[in-house]
Amino acid sequence: MTKETILSCSTITKNFKSEAGDGELNILQGVDLQVKQAEIAAIVGSSGSGKSTLLHILGGLDRPTSGDVFWHGESIYTHKADKLAELRNVNVGFVFQFHHLLPEFTALENVMMPALIKEDRFSVAEKRATELLNRFGMAERLHHRPSQLSGGEQQRVSMARALTNNPSILLADEPTGNLDEKNTDTILNLLFQLRETEDVAIVLITHENEIAEKCDTLYTLQNGVLELNENGA
Ligand SMILES: Nc1ncnc2c1ncn2[C@@H]1O[C@H](COP(=O)(O)OP(=O)(O)OP(=O)(O)O)[C@@H](O)[C@H]1O
Ligand SMILES: [Mg+2]
């Protein structure tokens with residue numbers, strides 16, 4: 005059975021004003037990408053090449069200068085901001101390098117949040133969040149606040165939060181960038197399991213070639229465009 009294209013973009017460009025304000029930085033210069041159901045696509049590239057910028061654009065967080073992003077074949081930037089935010093909450097999960105958990109809420113509450121925003125019933129959100137946290141080995145940490153969790157645990161909470169609404173797209177920006185080897189392995193194993201269990205399409209930004217080479221497809225972002233490497237797994 006052919007797999008559906010879940011996420012794609014065509015000829016994305018992104019320019020920023022340069023510091024002096026008299027010129028432009030042309031960070032993305034025509035990026036094309038297609039990610040299919042249950043595919044893990046890795047993006048590598050030097051610091052400042054535009055990886056995070058691209059991920060934000062793919063996730064509906066930042067409008068491109070030109071070009072289009074599609075979720076399930078639907079152009080997303082044609083929607084008004086509030087509709088786009090609503091679509092993003094149900095279609096896309098983000099995992100960032102630093103967890104961005106809400107400090108005043110517990111692990112469980114943080115993971116429930118996307119479901120509550122979607123106006124799921126409290127009991128439904130609580131059940132789903134508890135299941136996810138249990139699955140990620142966090143059963144004994146449900147009521148800890150982020151400051152009471154280790155870095156690896158915080159990252160597992162943030163992965164659980166990204167999955168609360170069963171997104172079809174998971175965007176991860178160096179999710180292991182801050183972790184030691186053991187925690188890196190745990191997070192990566194979880195990512196690869198997710199592809200099996202949730203059929204989610206994953207775009208993973210990483211600095212580490214060893215990780216990138218395990219993914220289905222491997223791209224390098226260079227000179228503002230994505231190049232497909234032939235040595236993806
Ligand atoms: N809002 C902004 N305004 C101006 N310039 C920006 C803005 N956001 C990013 N840039 C510039 O765009 C370039 C790409 O930034 P980006 O964060 O996407 O890089 P990256 O590939 O993710 O780097 P790293 O590997 O260090 O995280 C950088 O040179 C950065 O200074
Ligand atoms: Mg970055």
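Just so we're aligned, residue 5 is where the sequence shown starts under the numbering used here, counting upward by one.
Yeah, the Cβ is synthetic: ideal placement off N, Cα and C, and Gly gets one too.
Excluding five sequence neighbours on each side, which residues of the same chain lie with their C-beta closer than 8 Å to the C-beta of residue i?
| i | result |
| --- | --- |
| phenylalanine 102 | Asn182 |
| glycine 34 | Thr15, Ile16, Thr17, Gly71, Gly228, Val229 |
| leucine 106 | Glu113, Asn114, Met117, Pro150 |
| phenylalanine 20 | Glu28, Leu29, Ile31 |
Can you tell me the Cβ-Cβ gap for residue i and residue j, rounded? I've got them flagged as a contact below 8 Å.
| i | j | result |
| --- | --- | --- |
| glycine 228 | asparagine 30 | 6 Å |
| valine 204 | proline 150 | Valine 204 to proline 150, Cβ: 24 Å. No contact. |
| histidine 83 | leucine 91 | 7 Å |
| leucine 32 | isoleucine 209 | Wrong, their Cβ atoms sit about 14 Å apart, outside the cutoff. |
| glycine 63 | leucine 175 | 5 Å |
Over what stretch of residues does the alpha helix (DSSP H) that includes residue i continue unbroken?
| i | result |
| --- | --- |
| glutamine 159 | 155-167 |
| alanine 45 | Where alanine 45 is concerned, there is no enclosing alpha helix (DSSP H), although the beta strand (DSSP E) it sits in stretches over 44-48. |
| alanine 216 | 213-216 |
The beta strand (DSSP E) spanning residue i covers which residue range?
| i | result |
| --- | --- |
| aspartate 36 | 28-40 |
| valine 204 | Looking at the DSSP string, valine 204 is not in any beta strand (DSSP E), and its letter there is neither H nor E. |
| glutamine 226 | 221-226 |
| serine 12 | 9-21 |
| glutamate 231 | 229-233 |
Apart from the five residues on each side of it in sequence, which residues of its chain come closer than 6 Å, Cβ to Cβ, to residue i?
| i | result |
| --- | --- |
| serine 12 | Gln38, Phe74 |
| glutamate 222 | In the sequence under discussion, the amino acid at residue 222 is leucine, which differs from the glutamate named in the question. Hits under 6 Å: Ala46, Ala216, Asn233, Gly236. |
| phenylalanine 140 | Arg160, Ala164 |
| aspartate 36 | Ser14 |
| histidine 147 | Thr110 |
CB-CB under 7 Å to residue i, same chain, minus the five flanking residues each way: which ones, in chain order?
| i | result |
| --- | --- |
| leucine 192 | Thr180, Ile215 |
| asparagine 95 | Trp75, Pro171, Ser172, Ile173 |
| arginine 145 | Ala111, Leu153, Glu157 |
| valine 276 | Given that the chain is displayed from residue 5 to residue 237, the structure contains no residue 276 and the question cannot be resolved. |
| threonine 190 | Gly156 |
| leucine 225 | Ile47, Gly49, Ser53, Gly54, Lys55, Leu58 |
Can a CB atom of chain B be found closer than 8 Å to the CB of residue i?
| i | result |
| --- | --- |
| leucine 112 | Included in the structure is just one protein chain, with no chain B present. |
Should the segment 5-20 be regarded as contacting the segment 67-75, the criterion being three or more beta carbon pairs within less than 8 Å?
yes
inquiry  = Suppose only complete runs of 3+ residues qualify. What are the beta strand (DSSP E) ranges in the segment 53-121, listed by chain order?
reply    = 70-75, 96-99
Uninterrupted beta strand (DSSP E) stretches inside the segment 166-195 (no shorter than 3 residues) | 173-177
Does the segment 186-200 come within contact of the segment 41-53, defined as at least 3 CB pairs closer than 8 Å? yes
Next item on the list: Say whether the segment 132-152 touches the segment 87-102, bearing in mind that this needs 3 or more beta-carbon pairs closer than 8 Å, one atom from each stretch.
Entry: no
*asked:* Extract the residue ranges of the alpha helix (DSSP H) inside the segment 118-147, only unbroken runs of 4 or more that lie entirely within it.
replied: 126-139
Can at least three beta-carbon pairs, one atom from the segment 157-169 and one from the segment 130-145, be found at a separation below 8 Å?
yes
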